[in-house]
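Those letters in the sequence shown? Residues 1 to 847, per this note's numbering, in order. We put the CB at the ideal spot given by N, CA and C, even for glycine. A short write-up of the structure that comes next.
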Amino acid sequence: AERYDFQAIQDKWMPIWEDLKPFQSDLEGDKRPRKYVLDMFPYPSGDLHMGHAEAYALGDVIARYWRQQGFNVMHPIGWDSFGLPAENAAIKRGLDPRQWTYDNIEQQRKSFKKYAGSFDWDRVLHTSDPEYYKWNQWLFLKMYEKGLAYRKASWVNWDPVDQTVLANEQVLPDGTSERSGAVVVKKKLTQWYFRITDYADRLLDDLRQLEGTWPAKVIAMQRNWIGRSIGADVDFAIEGRDEPVTVFTTRPDTLYGATFMVVAPDSDLAIDLAAGSPSEEVRSRFTKYLSDVQKSSETERQATDRPKTGIFLERYAINPVNGERLPIWAADYVLADYGHGAVMAVPAHDQRDLDFARAFDLPIRVVVDTLQPVTGAIPVVHGDELPEDWPEDITVIDPAKTGLALAGEGRLINSGPLDGLSKSNAIRKIIEILEAAGTGRPAKNYRLRDWLISRQRYWGTPIPIIHGADGAEYPVPEDQLPVLLPPTEGLNLTPKGTSPLGAASDWVNVPNPVDGTPALRDADTMDTFVDSSWYFLRFLSPNDETKAFDPREVDKWAPVDQYVGGVTHAILHLLYARFITKVLFDLGYVSFTEPFSALLNQGMVLMDGSAMSKSKGNLVRLSDQLEEHGVDAVRLTMAFAGPPEDDIDWADVSPAGSAKFLARAWRLVGDVTSPPSVNWREGDRALRRVTHKFLAEAPGLVESFKFNVVVARLMELVNAARKAIDSGPGGGDPAVREAVETVALGLSLFAPYTAEDMWARLGYEPSIANYGWRGADPSLLTEETVTAVVQVDGKVRDRLEVSPKIAGNELEAQARALPSVVRSIGDREIVTVVARAPRLVNFVTKP
Ligand code: ANZ
């Protein structure tokens, strides 16, 4: 047999594709319908790895598929090339981050070409190019004008290793940095923010549009991240203070059960209340407590199993509904940046308050009669009224004794005007009462915080703001963009808590753009998630020097029809891109509000059940795999491994098996002896039926991402063709050519080199990517029939077309009903029926 030499095939086609540019999108006058298929763009950290190989193989199947279906496909590639890894690598090696970044990009570009991604190489972008980041600055200024970019001093997550702030999203559940692994601490800094919280409702409500086309898990993660709570704000007057304290509560119905108030120790409010405390001892204990609190992470503080700590501030709040004096405590289970940083504590009905009350011996008052104590989440009760059979007299289980807060549904007691009401009615009533008195109102709260975009690092987009000597902020005029990053010469990039750009004195000292007086540039750079929040628009006009993106191109292509990427970006990147899209919509730049109409999250590539890493010694190098098995075998293995959402364990799959299959498919061509002009209709029907079944089913399978099933069907088709060649009608049969051409067309989605080579040897011009899919012939899709002979006493009386799978009794029944049979039997008695399904039935009669 001929030898399948994947290396020779790759070497042959790579340069030809380089010339042909088969994947240029949007050529002049192209009338085909459009599809925008986008893979999340890579970060240029080293060469491509197995994770890239999987993601881009799967995205490529989709892009190639739509092209084959007759669409004009936009499938661009670029690099998310600003960010910390480049900067850290540069510091370690004494290089300019530019050099490390662009060297890696070059390496990855070569690898992508070898890997045969069907990209349009004429629309590449790098976010670290001034031509790109200029538009980040433009976007910032637009948002600044609208009040959506602002600066504030606040406690931020501080990564003590990378010496930079982190967004909440970058702090892992265990309180460590997603980037460096260091325990994240709190630090007070003045930072730039994007006002994403203004968009919280829309970010939440618009998720409904994505149901069915985004993974349900991602939608749930987004929802949870935004975390909307509905309740009320209640104002408490404070003794000895002019300003009241407002608390946010989801249970205003329990207001009569409030027995103390708790404020977050690290809030301005607590600091103010403590400063006004009558006792010097309290003031100094508070200061000590505050410094302890700042050492712990938000996650630690919220852990329910943690011993409660706190300080009584010797100050009092007044309950607006009954005038009760509530002692005010500072305790770290209350967070400074949620709600108002203060809670009305209702220990009978809130577990954290109960734990605290029991620890510090504070009063506990039950105000909702509940059937039983319920720990954990408050159950959602639909409808307003309690069930008819709700008992009149129930024994309240005393939370002070059990230690379990009563969070269930019940009737209000000990609550003045609320007595007897159900929880939901009581909530409505108390809000009315508070609103009438001007001491409360309905309120919503979100877990979502504003997006902190300042970074005290070099390798990012400079923030286009100038700080005047008068302390005011002056936006850099648009015609002076981009604010270029200064060269690294003379700068020390080592993290130190303030931006290294501050030391670039020629750069940082500028005249005030309004009056020319000495002023300073803002030295922070932007979070790189800003760069990736709108890059899908830039791909549509990547070389436009006059605007961020061309609205005509955006109208043609956007939103992205199919986005493909890792579930690691399920929250951050997607949320930010959705937010910026809505901002651009509000600014009138785009006409849609969701950037990605459909999303596919591929799984991870594992080895022996765990993530690959150098330190674990289980790293599989993509370059080794490509050397050993070839590009196509690796790509095919990625598609064949299972549903794309599932992880692939490289120890469980067989790239060698994939290579063997490809060789088997490729060798078919050598046995096709008919010319391209042959008439398939004259071919073997049985083989044609297998081919057409594949043609009919493959599109639906690809569109539902069942790539592995498509590959399995291709294997069946290859087997059928091989059988037809070796032990059927032979390689000259037109059906064999038809089957092998179909194999090549199907394989072109997964194994482009092999498919292209087969196509050429079948007698066609490159590229196979420019040939469309073939429609299935419906007449070959219906079930095949066989002819059954119908006899009476051994004489042929008729014939029946029946299914080859027909049962004997069914065949007999059909035959018995035939007029010819009825006539020839006449009134004789049938003594025996011989039914040999599906070929023969014989009625034997008694004369
Ligand atoms: C009184 C109360 C009674 C509450 C009760 C709950 C149950 P979610 O659902 O997460 O929004 N809270 C408010 N601000 C807080 C802060 N800064 N730090 C910690 N806890 C805070 O939770 C809202 C509830 O969390 C609020 O409702 C408040 O406690 C508490 F039977 O008020 B509740």
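So, with DSSP's three-state summary, where would you put residue i?
i           : result
residue 193 : strand
residue 800 : strand
residue 852 : This structure does not reach residue 852, given that the chain is present from 1 up to 847, and the question cannot be answered.
residue 466 : strand
residue 282 : helix
residue 539 : coil
residue 565 : strand
residue 505 : helix
residue 238 : strand
residue 842 : strand
residue 328 : strand
residue 791 : strand
residue 880 : Missing from the structure shown is residue 880; the chain here goes from 1 to 847 and no further.
residue 480 : helix
residue 404 : coil
residue 555 : helix
residue 445 : strand
residue 93  : helix
residue 149 : strand
residue 377 : Confidence in residue 377 is poor, its pLDDT being 38 and thus under 50, which makes the residue's placement too unreliable to answer from.
residue 544 : coil
residue 864 : Outside the shown range of the chain (1 to 847) lies residue 864, about which nothing can therefore be said.
residue 136 : helix
residue 384 : Low local confidence applies: a pLDDT of 48 at residue 384 is under 50, so the model's placement there is unreliable, with the coordinate-based value given in what follows. Coil.
residue 16  : helix
residue 409 : coil
residue 498 : coil
residue 129 : coil
residue 225 : helix
residue 211 : strand
residue 628 : helix
residue 102 : helix
residue 742 : helix
For residue i, count neighbouring C-beta atoms within 10 Å of its own C-beta (all shown protein chains included) and say buried if the count is 16 or more, exposed if not.
i           : result
residue 7   : exposed
residue 223 : exposed
residue 77  : buried
residue 623 : exposed
residue 681 : exposed
residue 772 : exposed
residue 80  : buried
residue 15  : exposed
residue 575 : buried
residue 97  : buried
residue 253 : buried
residue 209 : exposed
residue 524 : buried
residue 832 : exposed
residue 83  : buried
Problem set entry | Those runs of the alpha helix (DSSP H) which lie wholly inside the stretch 636-698 and span at least 4 residues | Within the stretch 636-698, the complete alpha helix (DSSP H) runs of at least 4 residues are 655-668.
Problem set entry | Touch test, the stretch 630-642 against the stretch 655-663, Cβ-Cβ under 8 Å, three pairs minimum | Short answer: they touch.
Exercise. When the Cβ atoms of the stretch 87-102 are set against those of the stretch 61-77, are three or more pairs found closer than 8 Å?
Worked result: Below 8 Å, too few C-beta pairs join the stretch 87-102 and the stretch 61-77 to call them touching: fewer than three.
Problem set entry | At least 3 beta-carbon pairs within less than 8 Å: the stretch 232-252 vs the stretch 320-327 | The answer is yes - the stretch 320-327 touches the stretch 232-252, with three or more Cβ pairs under 8 Å.
Exercise. On the three-pair Cβ rule with 8 Å, is the stretch 793-800 touching the stretch 695-712?
Worked result: No contact exists between the stretch 793-800 and the stretch 695-712.
Exercise. What beta strand (DSSP E) runs, 3 residues minimum, are completely inside the stretch 18-67?
Worked result: DSSP runs (the beta strand (DSSP E)) wholly in the stretch 18-67: 34-39.
For this session: For the stretch 220-234 and the stretch 433-443, state whether three or more C-beta atom pairs, one from each stretch, are separated by less than 8 Å.
Result: Verdict: yes, contact present.
Problem set entry | Length at least 4, wholly inside the stretch 558-617: the alpha helix (DSSP H) runs in chain order | DSSP runs (the alpha helix (DSSP H)) wholly in the stretch 558-617: 572-586.
For this session: Inspect the CB distances between the stretch 673-688 and the stretch 725-738 and report whether three or more fall short of 8 Å.
Result: With a cut-off of 8 Å on Cβ pairs, the stretch 673-688 is in contact with the stretch 725-738, counting three or more such pairs.
Problem set entry | At least three beta-carbon pairs within less than 8 Å, the stretch 157-175 to the stretch 590-607 | No, the stretch 157-175 does not touch the stretch 590-607.
For this session: Examine the Cβ distances between the stretch 343-362 and the stretch 256-263 and report whether three or more of them are shorter than 8 Å.
Result: Yes, they touch.
Exercise. At a cut of 8 Å, does the stretch 529-549 reach the stretch 132-147 through at least three beta carbon pairs?
Worked result: The count of Cβ pairs closer than 8 Å, one atom from the stretch 529-549 and one from the stretch 132-147, reaches three, so the stretches are in contact.
Exercise. Would you say the stretch 23-39 touches the stretch 545-565, given that touching needs at least three Cβ pairs under 8 Å?
Worked result: Yes, they touch.
For this session: Take every Cβ of the stretch 530-550, pair it with every Cβ of the stretch 117-136, and state whether three or more of those distances are shorter than 8 Å.
Result: The stretch 530-550 is in contact with the stretch 117-136.
Problem set entry | Segment contact, 8 Å Cβ cut-off, at least three pairs: the stretch 533-542 with the stretch 122-131 | The stretch 533-542 is in contact with the stretch 122-131.
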